[in-house]
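In this note's numbering, the protein residues as written are 103 to 260. Glycine is no exception: its CB is placed at the ideal position from the N, C-alpha and C atoms. As the structure is a prediction and not an experimental result, all values here were calculated from the model. In what follows, a single structure is set out as structure tokens and then discussed.
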Amino acid sequence: MFIKLIINDKKKFIIMNFTVLPKNLPIPKQDGACDHLLNTKITDISLPTQDGNFLKLNRTDTFRLVIYCYPMTGHPKRPLPDNWDNIPGARGCTPQTCSFRDLYDQIIVQNAVPIGLSTQSVEDLKEMTERLQIPYDVVSVQQLFFALALKLPTFSIG
Numbered sequence: 103m104f105i106k107l108i109i110n111d112k113k114k115f116i117i118m119n120f121t122v123l124p125k126n127l128p129i130p131k132q133d134g135a136c137d138h139l140l141n142t143k144i145t146d147i148s149l150p151t152q153d154g155n156f157l158k159l160n161r162t163d164t165f166r167l168v169i170y171c172y173p174m175t176g177h178p179k180r181p182l183p184d185n186w187d188n189i190p191g192a193r194g195c196t197p198q199t200c201s202f203r204d205l206y207d208q209i210i211v212q213n214a215v216p217i218g219l220s221t222q223s224v225e226d227l228k229e230m231t232e233r234l235q236i237p238y239d240v241v242s243v244q245q246l247f248f249a250l251a252l253k254l255p256t257f258s259i260g
């Protein structure tokens, strides 16, 4: 994936490959911030998917939801926020999402369905799911209702 940059009237191309992690990323520390989540019932909430439909997360279907939360997936036309790679656990969202995509068939055979939760807009999620060929729903938690309801750890940029 290439992005064209124009600096001082000179065209330059740089590679933006969000599926490869840079070396020396800070490793997240186990701080116990999610310990309370074990056996926690998901709040009764419906969130918008990449297609603009609403998905209810507190379900009684016969299959299990494998919910993973992440702040954002890299966009090929936008740089990552400043100092993104310095935040423990921030980098790696795209490889994580692609891992669930690559393991999708193995997950559904186990009577489970992956669901991604991202702080990005529905429009960004639609672009990402099409570009990366994600076969499952990714929902927007842009307003952080889900994170607040479950007391998930968060961080701010900027």
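Secondary structure of residue 258 (DSSP, three-state): coil. In the three-state DSSP reduction, residue 171 falls in the strand class (E or B). Taken atom to atom, the span from the alpha-carbon of residue 183 to that of residue 171 is near 18 Å. Distance from the CA atom of residue 207 to the CA atom of residue 168, rounded to whole angstroms, is 13 Å.
Residues of the same chain with a CB within less than 7 Å of the CB of residue 165, apart from the 5 flanking positions on each side, are 213, 214 and 215 in chain order. Residues 221 and 256 of the same chain have their beta carbon placed closer than 8 Å to that of residue 246, with the five preceding and five following residues left out of the count. By alpha-carbon distance to residue 193, the top candidate from 243, 173 and 155 is 173.
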